[in-house]
Structures are given as structure tokens and as C-alpha cells.
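Asks:
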Amino acid sequence: MKNLKYLLIQPELGLWSQENNARIRDESRSLGFFLGLKLKEEKIKTKTFNGIYINSAKVLKNPYCVNNLLTIDVDFPEENYPTKVDARDINEYLIARLKDAISRIQDEYPEIVSVIMQGVEDFRRLNYECSWVHKKKKIGERAVHLKCVLNVKRFNLYLELLDKNKNVLMSRLILETPPNEYCFKHRFRDLIVEKNGDIVVTNFLLEEWYRLNLSNLE
701 MKNLKYLLIQ PELGLWSQEN NARIRDESRS LGFFLGLKLK EEKIKTKTFN GIYINSAKVL
761 KNPYCVNNLL TIDVDFPEEN YPTKVDARDI NEYLIARLKD AISRIQDEYP EIVSVIMQGV
821 EDFRRLNYEC SWVHKKKKIG ERAVHLKCVL NVKRFNLYLE LLDKNKNVLM SRLILETPPN
881 EYCFKHRFRD LIVEKNGDIV VTNFLLEEWY RLNLSNLE
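Residue numbers for the sequence shown, in this note's numbering: 701 to 918.
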């Protein structure tokens, strides 16, 4: 059995103009990441796929599995895609397409559809923004973590210090990129607390990338 943990929303390559294809690829990531996290939290298992791919296509095929993805075709009218980068307008366009797509699997996968629909409502309540904790380490009664925030405009990475009641004592923006995972996913990996009080963030090669001494903040 496979754990369901991904959701992608993209038009077929070449179906849209190059500019809009690049836009929707990046601007759909926050919704896709958010729903992927919701599916992962619910620990839904399937026999043949671990992700869902909402694919824009002019000729709609029946849902099918390829490369561990359940691919669901749906029409994405390019002319209706918002011309301005507005979080609500863009995400509501994507949500409408998503709802049309998952209605095609309602009978076969009702649990998956239910989780996605609830996730959509949660995403709206959070103002169309996806946030998650990448790494967390304890420092006595306090904790430090790397918090990721993703929306249609940007990805932000914060280094935050929390007290024992999880109140944020310090929040420092240490990375900002376009909302494209290829711009940020290899930039950070681990969080290390050294004996001298320094907090070190490493990249994917486990090399030091960012350093902060908490004693300077006391």
C-alpha cells in the first residue's frame, strides 16, 4: 500500500502560453502543497498511487495512474486565468478546476474527495497560504524551528525561537524566493544547535548556510 501525500495542479506542457504556463506552475504550488499535507496527515493509503495530478487537457481521458500518480484530466480555460497576481482570484480559479476534477473520482475515492474538500475550506480560512515546520530542535525549555510559508507570490523561510508555551520570542526571515520549489528546496536541510549557543542551518550538502548566536539576542 502507498501513502497518499502529493497533489499537483498544472496544465499540459504546451497547452497554455509559455508565460501563463510558468505562472500557474508556480502560483498553484501553495494550494497543492497545502492539500498534500492534509492528505498526508490523514494517512490515506492506496494500492496504486501516492499522489494526485490535476491535469489540464482539451481531450479528457478517464482517470488513470502513471508514475505513481492518479491523473485526472479537466479543462483549464486559459482565457479565464486571472491576469493579475491576486491570491484570492488565482486560488478560486484553481479550486473551481480542482472541484470539477475530483468530482470524477467521487464514487471510487469518497474519502480522498472529502479530505480535499475540507482542506480547501481550511486553505480559504488561512487566506490562501500554506505554512509548515520543516525542522524543530529543543533548547532547554525553549525550541527553535524553521517555518516555511508559501503563497502565490513568494516562499519565505523563517528561523523562529519559541518559549515553553510555544509563544514566538523571535522570528527572523532568512530566505525569500519565488514560489517555485526548485528555487528553495535545496537551500536548506537541517537545523543544528551547537554547544556555544549558535544555531546553524545547513543546505542539502550539509554545509553551513546560516548561523545565529542566541546569546546576542538575550
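Don't be surprised by glycine CBs; every beta carbon is placed ideally from N, CA and C.
Assign residue 719 to one of three DSSP states: helix, strand, or coil.
Replies: Here residue 719 is taken as the residue at index 19 of the sequence shown, counted from 1. Here residue 719 sits in helix by DSSP.
Asks: If you measure between the beta carbons of residue 702 and residue 745, is that distance less than 8 Å?
Replies: To locate residue 702, count along the sequence shown from 1; it is residue 2. To locate residue 745, count along the sequence shown from 1; it is residue 45. Yes, the pair counts as a contact, with Cβ atoms nearer than the cut-off.
Asks: Residue 858 bridges to which residues according to DSSP?
Replies: By 1-based counting over the sequence shown, the position of residue 858 is 158. Paired residue(s): 847 and 873.
Asks: Considering only residues of the same chain and omitting the five flanking positions on each side of residue 775, which have a CB-CB separation below 6 Å?
Replies: In the sequence shown, counting from the first residue as 1, residue 775 sits at position 75. Around residue 775: no qualifying Cβ.
Asks: Have a look at residue 795 and residue 756 and give me their C-alpha separation to the nearest angstrom.
Replies: Here residue 795 is taken as the residue at index 95 of the sequence shown, counted from 1. Here residue 756 is taken as the residue at index 56 of the sequence shown, counted from 1. Straight-line Cα distance between these residues: approximately 13 Å.
Asks: Would you decide whether residue 812 is buried or exposed? Buried here means 16 or more other CB atoms lie within 10 Å of its CB.
Replies: Here residue 812 is taken as the residue at index 112 of the sequence shown, counted from 1. By the neighbour-count rule (16 or more Cβ atoms within 10 Å), residue 812 is buried.
Asks: With distances taken from CA atoms, which of 805, 853 and 772 is nearest residue 761?
Replies: Taking the sequence shown and counting its residues from 1, the one referred to as residue 761 is at position 61. With distances taken between Cα atoms, residue 761 lies closest to 772.
Asks: Looking at C-alpha atoms only, which residue of 909, 768 and 720 is the closest neighbour of residue 886?
Replies: Position 186 of the sequence shown holds residue 886. Of the candidates 909, 768 and 720, the one whose C-alpha sits nearest the C-alpha of residue 886 is 909.
Asks: Among 791, 717, 829 and 849, which residue has its Cα nearest to the Cα of residue 779?
Replies: As a first step, residue 779 must be located in the sequence shown, where it is residue number 79. Closest by alpha carbon: 717.
Asks: Assuming the contact rule is C-beta atoms closer than 8 Å, residue 903 and residue 889 should be a hit. Round their C-beta distance to whole Å, please.
Replies: As a position in the sequence shown, residue 903 is number 203, starting the count at 1. As a position in the sequence shown, residue 889 is number 189, starting the count at 1. About 6 Å separates the two Cβ atoms, so the contact holds.
Asks: Tell me whether residue 803 is buried or exposed, calling it buried when 16 or more other Cβ atoms sit within 10 Å of its Cβ.
Replies: Working through the sequence shown from its first residue, we reach residue 803 at position 103. Residue 803 is exposed by the Cβ-count criterion.
Asks: Taking residue 770 and residue 777 to be in contact with their CB atoms under 8 Å, please state how far apart those CB atoms are, rounded to whole angstroms.
Replies: One-based indexing of the sequence shown puts residue 770 at position 70. One-based indexing of the sequence shown puts residue 777 at position 77. About 23 Å separates the two Cβ atoms, so there is no contact after all.
Asks: Apart from the five residues on each side of it in sequence, which residues of its chain come closer than 6 Å, Cβ to Cβ, to residue 753?
Replies: The residue given as residue 753 occupies position 53 in the sequence shown. So the list reads 708, 769 and 771, once near-sequence residues are dropped.
Asks: Provide the residue span of the beta strand (DSSP E) that contains residue 882, from first to last.
Replies: Residue mapping note: residue 882 aligns to position 182 of the sequence shown, counting from 1. That residue, residue 882, is in no beta strand (DSSP E); its alpha helix (DSSP H) goes 881 to 884.
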